[in-house]
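S.K.: Heads up: take any position in the sequence shown, counting from 1, add 2, and you land on the working numbering. My structure is below; once you've seen it, I'll send some questions.
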Amino acid sequence: MSEQNPYIIDLKRMPIGTHSFDIQLNDEFFTSLEKSEVLSGKVDCKAVLNLREEDYTLKISVHGTVFVVCDRCLDPMPLEIEDEQEIFSEDEEEMSDDKSQMSTLDLQWLAYEIVSINIPLVHSHQPGECNQQMELLLHDHLCDEPEPEEN
Numbered sequence: 003m004s005e006q007n008p009y010i011i012d013l014k015r016m017p018i019g020t021h022s023f024d025i026q027l028n029d030e031f032f033t034s035l036e037k038s039e040v041l042s043g044k045v046d047c048k049a050v051l052n053l054r055e056e057d058y059t060l061k062i063s064v065h066g067t068v069f070v071v072c073d074r075c076l077d078p079m080p081l082e083i084e085d086e087q088e089i090f091s092e093d094e095e096e097m098s099d100d101k102s103q104m105s106t107l108d109l110q111w112l113a114y115e116i117v118s119i120n121i122p123l124v125h126s127h128q129p130g131e132c133n134q135q136m137e138l139l140l141h142d143h144l145c146d147e148p149e150p151e152e153n
């Protein structure tokens with residue numbers, strides 16, 4: 003592990019074997035990110051690293067709630083996140099018999115990536131749960147006239 007960030011794993015210094023890590027992504031983490039669609043949240047993550055002589059596997063499971071902006075009313079809305087992914091080191095021929103060419107893993111960032119791929123492209127509240135003032139504004143600007151037919 004890195005002395006500056008406990009979630010950065012130096013694979014060259016890690017002993018061979020299975021290692022388990024508990025990670026939490028919280029409001030402080032999410033607000034520190036630039037250009038993240040996640041406003042805040044609390045996500046518990048468990049990472050299991052199986053480090054071997056020549057390669058590794060990393061299984062990360064995430065479970066929690068994040069808040070994103072509703073595409074319809076622009077208010078924050080919760081999204082439940084639950085997923086598990088397994089990451090395999092690249093099996094390259096140039097990888098030597100020792101761990102000298104393996105680098106580091108940022109477990110916190112990998113957990114965030116799993117969270118972000120679980121956020122749907124379009125996110126909106128369930129019908130009737132959006133901000134009522136915004137719903138009225140949207141309704142006022144609806145076009146009721148049918149579009150003209152093209153010839």
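Glycine is no exception: its CB is placed at the ideal position from the N, C-alpha and C atoms.
On the CB-based measure, 16 or more other CB atoms within 10 Å of its CB, does V124 come out buried or exposed?
M.R.: As a first step, residue 124 must be located in the sequence shown, where it is residue number 122. With fewer than 16 other Cβ atoms within 10 Å, it is exposed.
S.K.: Report, in whole angstroms, the separation of the C-beta atoms of C72 and S126, which I expect to be a contact under 8 angstroms.
M.R.: Translated into the one-based positions of the sequence shown, residue 72 becomes position 70. Translated into the one-based positions of the sequence shown, residue 126 becomes position 124. Confirmed, about 5 angstroms.
S.K.: Exposed or buried, what is D110 when buried is set at 16 or more other beta-carbons lying within 10 Å of its beta-carbon?
M.R.: Locating residue 110 in the sequence shown gives position 108, counting from the first residue. Reading the sequence as shown, one finds Gln at residue 110 and not Asp. Buried is the call here.
S.K.: Where DSSP assigns a beta bridge to H125, which residues make up the other side?
M.R.: Along the sequence shown, one-based indexing puts residue 125 at 123. DSSP output for H125 lists no bridge partner at all.
S.K.: What do you reckon, are the CB atoms on V40 and H65 nearer than 8 angstroms?
M.R.: Here residue 40 is taken as the residue at index 38 of the sequence shown, counted from 1. Here residue 65 is taken as the residue at index 63 of the sequence shown, counted from 1. Taking 8 angstroms as the Cβ cut-off, V40 and H65 do not qualify as a contacting pair.
S.K.: Would you kindly work out how many angstroms separate the C-alpha atoms of D85 and I25, rounded to a whole number?
M.R.: Taking the first residue of the sequence shown as 1, we reach residue 85 at position 83. Taking the first residue of the sequence shown as 1, we reach residue 25 at position 23. Cα-Cα distance, rounded: 14 angstroms.
S.K.: For a quick check, are the C-beta atoms of L81 and M136 less than 8 angstroms apart?
M.R.: Locating residue 81 in the sequence shown gives position 79, counting from the first residue. Locating residue 136 in the sequence shown gives position 134, counting from the first residue. Not a contact, by the Cβ cut-off of 8 angstroms.
S.K.: For the beta strand (DSSP E) containing L109, name the first residue and the last one.
M.R.: Here residue 109 refers to the residue found at position 107 when the sequence shown is read from its first residue. First-last for L109: L109 to I119, but that is the alpha helix (DSSP H), not the beta strand (DSSP E).
S.K.: Please state if the CB of I18 and the CB of T106 are separated by a distance shorter than 8 angstroms.
M.R.: Taking the sequence shown and counting its residues from 1, one reaches residue 106 at position 104. Taking the sequence shown and counting its residues from 1, one reaches residue 18 at position 16. No, the pair does not count as a contact, with Cβ atoms beyond the cut-off.
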